[in-house]
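First comes the structure, then the notes that go with it.
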Amino acid sequence: SLVYVAYRGVSQGDPYRLVYGVDSWGNVCDRKNTPIPGVPLSGRDMSGKKRTLHLDPGYYTELLKTHIIPSFSSNPDIVVCLSHCPNETLSSSAEVDAYMARTNTSLCRYDTSAYVSNDDICLTPVKPHTSVFWRCIPDSVVMMVKGMSGSFTSLLSGISGGSFTQKVISDLKNTWVEILYLAAIAFGTSVVVVVLMWLLAAVIIWMLIFAVIAFSIGASGYSWYCWYRFDTRYKSLPANEQTEAERERTQTWLIYAAVTSAITLVLLLVLLIMRKRIQLVVQLFKEAGKALKCVPCLLLQPVWTLLILVGTVGGLVLIAVYIETSGQPNVYNQTQTVSYEMENSWEYVRWYHIFGFLWISAFIVACQDFVIASAIATWYFKRDKSSMGCPIATAVWRIIRYHMGSIAFGSFIIAVVRLARLILAYIQSRLRGKSGPVVDFVLKVLQCCLWCFEKFLAYLNRNAYIEIAIFGHSFCTGAKKAFLLILENALRVAAINSIGDFVLFLGKLSTMAVVLVVGNEFFQGHEDVNYVFVPLTVSCAFAYAISHCFLLVYEITIDTIFLCFCEDCKENDGINKPYYMSTDLLNYMQKTSKIMNMDKQKKKKKEETDLATV
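According to our numbering, the sequence shown is numbered sequentially starting from 1.
Following this line, the structure appears as structure tokens:
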């Protein structure tokens, strides 16, 4: 059905209508046109005439004020195609006629001379225009828009003594080679960060935890110290000098101290409860490093996904342009003018195409998640990890051969929720300024709930794909098993999602910090750079994106190994059914099991002692 929608759009649409525009008689600018029955001025050769001009001088001013296309009561606004926009002031019809003869540019209806005294069919007087996206817009309107949107730019330009925008473009033009070098440095730094997370996971995580504890205790102690100081000072003052401001400041620091102490206490209790799970997070980081060492090509998986997404999105956007320009000519007999109008059914086609766009993009990302999960699951459950073969190609084959429907269904659910959010946002935009505060509040709450629901489904889907990669289940069975497994290991999942995600975020910041320091050295001695922060900002954005691609693979790898570990513990006993886990994970499990057994024995002895006492 999506292919049929694309076929209908391409067969009936014309992107030139959107790019270069259409005149009032249905002629598409910069095209040879076919005549439209009942419209004498249609069917003209507009080759080389790429710009449109509205003959009503108030068209864009009215559009700017009301944000809707104006409707004029006398005659419809006349639009003509021309090769270039008028760039001079013409006050009379004679000047317009001379300009048209000199430049071979029509500023009137195609069958009208400038001497005809009718402002609706000739642009008189003429003001200088500027071409913006192939539309001739009066300079006064352009300056009005710049005045509304360019205050900050004007301020910066005034400070710097020139055009801020031009200097920014110049900076990017003069430093694009250095930006590419910094992107390469970010690539190398990301690889180093991945290796360091494998080698120094324990050190990084425990240092992070101790830093958080030290900061919490320090903040709590400092708050109590400030409260004590202000409280002592307040009580030492005579009663007639004790002001309300002093009393409120003392109470404020008491509140700060109480809140920070409560947070510190809760944090210490959580870390005490989660200490065993934190050790699991450390072990999972190490195992993820081992897995990526065996399958290093996985680190490039987001690059292929990005290339496929860019190509697919480009094609879908092009089809959307065809759909938006698929209207049929509607002739107004009274004025012999034409407007292209879409049939009502095309409104549904438009939304269907948007849904297809959301579905296909979600499907591509889901395929990436499955490929990574399948490759890592293959590594985990393989006894001889030295002969891995080509797990990525195997994962792609498994998608095509067995699990295309499961991934399509999972991405379909995500697309439905995203479409609901999009429709809700559309309703919000249509009701803006027209609805009451209650309706606005309800819509915002619904939008928030849908956002949370989408995040939950995305997380569940990723774990469902991992279960599918392990056992080959259908989507619903895999999602059910993943959900139950997450519930059974809720504390472990909480540790991984909190500590693990923060460590990965620190990895991204580390890459950005390296690029920031090196880039600052690059650009400080660059004489052609006006604003050092411009290339630095672009370089840091590239660094974050590159690091995110690497660490996204690391994140999915950790999630996959965790679910594999849980399933391994659940399905095997280590005696009749040997575990697949590594020696380090096995030692962790045996250690935690031993501690749990000791706790159970202590609890049992205590109960027996209590019974004997009774």
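Using N, Cα and C, we set each Cβ at its ideal position, and we do this for glycine too.
For the set Val371, Gly13 and Leu55, the Cα lying nearest the Cα of Leu123 is the one of Leu55.
In summary, Gln334 is exposed, with fewer than 16 beta-carbon neighbours lying within 10 Å of its beta-carbon over all protein chains present.
Per DSSP, Gln447 is one residue of the alpha helix (DSSP H) stretching across Pro437 to Phe471. When only Cα atoms are considered, Ile423 and Gly478 end up about 30 angstroms apart. The Cβ atoms of Asn174 and His129 lie no closer than 8 angstroms to each other. Beta-bridge annotation (DSSP): Val19 is not paired with any residue. Counting the other Cβ atoms within 10 Å of the Cβ of Lys49 gives 16 or more, which makes it buried.
With 16 or more other Cβ atoms from the protein chains shown falling within 10 Å of its own Cβ, Phe357 counts as buried. The shortest CA-to-CA distance from Ala513 to any of Pro329, Val529 and Ala543 is the one to Ala543. The distance from the Cβ of Ala375 to that of Phe285 is about 18 angstroms, inconsistent with a contact at the 8 angstroms cut-off. In this structure, the straight-line span from the alpha carbon of Pro40 to that of Tyr4 is close to 35 angstroms. Beta-bridge pairing by DSSP links Arg383 to no other residue.
Annotation: the continuous beta strand (DSSP E) that includes His54 extends over Arg51 to His54. According to the DSSP assignment, Ser1 belongs to no alpha helix (DSSP H), since it is labelled neither H nor E. Taking Asn33 as the centre and dropping the five residues before and after it, the same chain places the C-beta of Gly26, Asn27, Ser42, Gly43, Arg44, Asp45 and Met46 closer than 8 angstroms to its C-beta, in chain order. Three or more Cβ pairs closer than 8 angstroms define a contact, and the segment 271-283 meets that threshold against the segment 487-495.
In the three-state reduction of the DSSP assignment, Asn344 falls in the coil class, being assigned neither a helical nor a strand state. Scanning Tyr580, Tyr531 and Leu509 for the CA closest to the CA of Ala186 turns up Leu509.
When DSSP states are grouped into helix, strand and coil, Ser131 belongs to the strand group. Contact check for Ile205 against Ile499 passes: the beta carbons are separated by less than 8 angstroms. Straight across, the Cα-Cα distance linking Ala320 with Cys29 is about 20 angstroms. If you draw a 10 Å sphere on the C-beta of Ala291, you find 16 or more other C-beta atoms in it, and that means buried. The DSSP-derived three-state label of Ser339 is strand.
A direct Cα-Cα distance of roughly 40 angstroms separates Ala395 from Gln12. Contiguous alpha helix (DSSP H) elements confined to the segment 197-278 occur at 201-236 and 244-273, taking only those with 4 or more residues. In the DSSP assignment, Pro329 falls within the beta strand (DSSP E) that extends over Gln328 to Tyr332. By the beta-carbon neighbour count (other beta carbons within 10 angstroms, threshold 16), Phe133 is exposed. Judged by pairs of C-beta atoms under 8 angstroms, the segment 540-554 does not touch the segment 243-251, as fewer than three such pairs exist.
The count of Cβ pairs closer than 8 angstroms, one atom from the segment 426-439 and one from the segment 371-391, stays below three, leaving the stretches out of contact. Nearest neighbour of Gln336 by Cα position, chosen from Pro37, Leu18 and Met589, turns out to be Pro37.
Taking Leu271 as reference, the option from Leu172, Ala494 and Leu180 with the minimal CA-CA separation is Ala494. Judged by beta-carbon spacing, Gly410 lies beyond the 8 angstroms limit of Asn463, meaning their Cβ atoms are not closer than that value. When DSSP states are grouped into helix, strand and coil, Lys591 belongs to the helix group.
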